[in-house]
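What follows is one structure encoded as structure tokens, with my remarks underneath.
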Amino acid sequence: MLTAILIILTVFCALLAVVSTRLLHATLWLAATSALVGILLYQLGAWEIAVIELSVGAGLVTVLMVFAITMIGDPPPTPHVSRRTLLIFVILAMTLIVGMTVNSLPAPVDVITEPLGAVLWQVRGLDMAAQIVLIFAGVLGVLGLLSVSDDIVRVRVNRIEHQASTTPLSSATHTTQTSDAPELSDSMQSAPSGRLEKEPV
209 MLTAILIILT
219 VFCALLAVVS
229 TRLLHATLWL
239 AATSALVGIL
249 LYQLGAWEIA
259 VIELSVGAGL
269 VTVLMVFAIT
279 MIGDPPPTPH
289 VSRRTLLIFV
299 ILAMTLIVGM
309 TVNSLPAPVD
319 VITEPLGAVL
329 WQVRGLDMAA
339 QIVLIFAGVL
349 GVLGLLSVSD
359 DIVRVRVNRI
369 EHQASTTPLS
379 SATHTTQTSD
389 APELSDSMQS
399 APSGRLEKEP
409 V
């Protein structure tokens with residue numbers, strides 16, 4: 209019963225990830241899908257794969273995708289296919305896949321399970337070491353991206369400060385030009401009046 213509920217929730221989250229029109233929403237639904245897949249794998253007995261799925265699929269990949277979206281921005285959606293058509297197609301495809309998978313599952317067999325710690329650190333010690341290296345590399349990659357973004361922000365701030373420092377000169381020049389403009393207009397207004405005064409004489 210629990211396995212069926214997990215499968216239904218996984219399909220639901222995957223469906224929302226596909227039909228979502230915003231990248232950030234799709235990323236969050238994908239993270240939920242990965243988390244549910246990890247729980248399902250643990251429920252089925254694949255403990256080490258479940259841990260890898262939770263740490264990489266629902267953790268590291270989600271962080272990297274969210275960081276990439278914050279850097280490049282979330283562009284407005286431009287759907288080329290009707291959402292209703294896409295939704296019907298995804299529902300039919302997922303129903304077919306789940307039906308074929310459930311029908312091909314073998315009958316449950318009672319097995320003697322070992323503690324999770326013993327499985328992870330004794331049986332799958334090399335896999336866990338590779339997992340730690342991958343997570344460490346991902347963290348270093350995120351830190352590198354953050355340093356690059358800080359450099360970009362610093363360059364933009366310096367450019368804005370440079371523009372702000374050169375703006376008073378241009379404003380002062382504009383002020384002197386506008387101050388000279390009334391004098392020119394007064395002289396132009398006084399010239400015609402002088403002609404009018406000389407004509408009667």
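Here the sequence shown is numbered in the numbering used here, starting from 209 and rising by one per residue. Each residue gets a CB set at the ideal place from its N, CA and C atoms; glycine is no exception.
If we count Cβ pairs, one from each stretch, closer than 8 Å, do we get three or more for the region 290 to 309 versus the region 257 to 277?
The region 290 to 309 vs the region 257 to 277: no contact.
Using CA atoms only, rank isn't needed, just tell me which of LEU236, GLY246, ALA338 is closest to LEU223.
Among LEU236, GLY246, ALA338, the Cα nearest to that of LEU223 belongs to LEU236.
State the Cα-Cα distance for the pair MET308 and ILE215, rounded to the nearest angstrom.
The straight-line gap from Cα to Cα measures roughly 13 Å.
Buried or exposed: where does VAL347 fall if 16 or more other Cβ atoms within 10 Å of its Cβ makes it buried?
Exposed is the call here.
So, is ILE247 buried or exposed, given that buried needs 16 or more other C-beta atoms within 10 angstroms?
Label assigned to ILE247: buried.
Within the present structure, is the beta-carbon of THR229 separated from the nearest heavy atom of the ligand HEM by less than 8 Å?
Absence of the ligand HEM from the depicted structure is noted, as is the absence of any ligand whatsoever, leaving it without description.
What is the DSSP secondary structure of SER373, counted as helix, strand or coil?
Here SER373 sits in helix by DSSP.
Would you call the CB atoms of ILE343 and LEU238 closer than 9 Å?
For ILE343 and LEU238, no; Cβs fall outside 9 Å.
Alpha carbons only, please: which of PHE220, ALA212, THR211, ILE213 is nearest the one belonging to MET302?
Of the candidates PHE220, ALA212, THR211, ILE213, the one whose C-alpha sits nearest the C-alpha of MET302 is PHE220.
If you run the structure through DSSP and keep just helix, strand and coil, what is SER242?
It is helical.
Measuring only the C-alpha atoms, how far is THR383 from ILE280?
Confidence at THR383 is low in this model, with a pLDDT of 49, below 50, so the placement of that residue should be treated as unreliable; the coordinate-derived value is given next. Their Cα atoms are separated by approximately 41 Å.
Leaving aside the five residues before and after ALA266 along the sequence, list all residues of the same chain whose C-beta is less than 7 Å from its C-beta, in chain order.
Result list for ALA266: ALA239, SER242, ALA243, GLY246, in chain order.
Ignore the nearest five residues each way along the sequence and tell me which others in VAL274's own chain have a CB closer than 8 Å to its CB.
The residues are LEU232, THR235.
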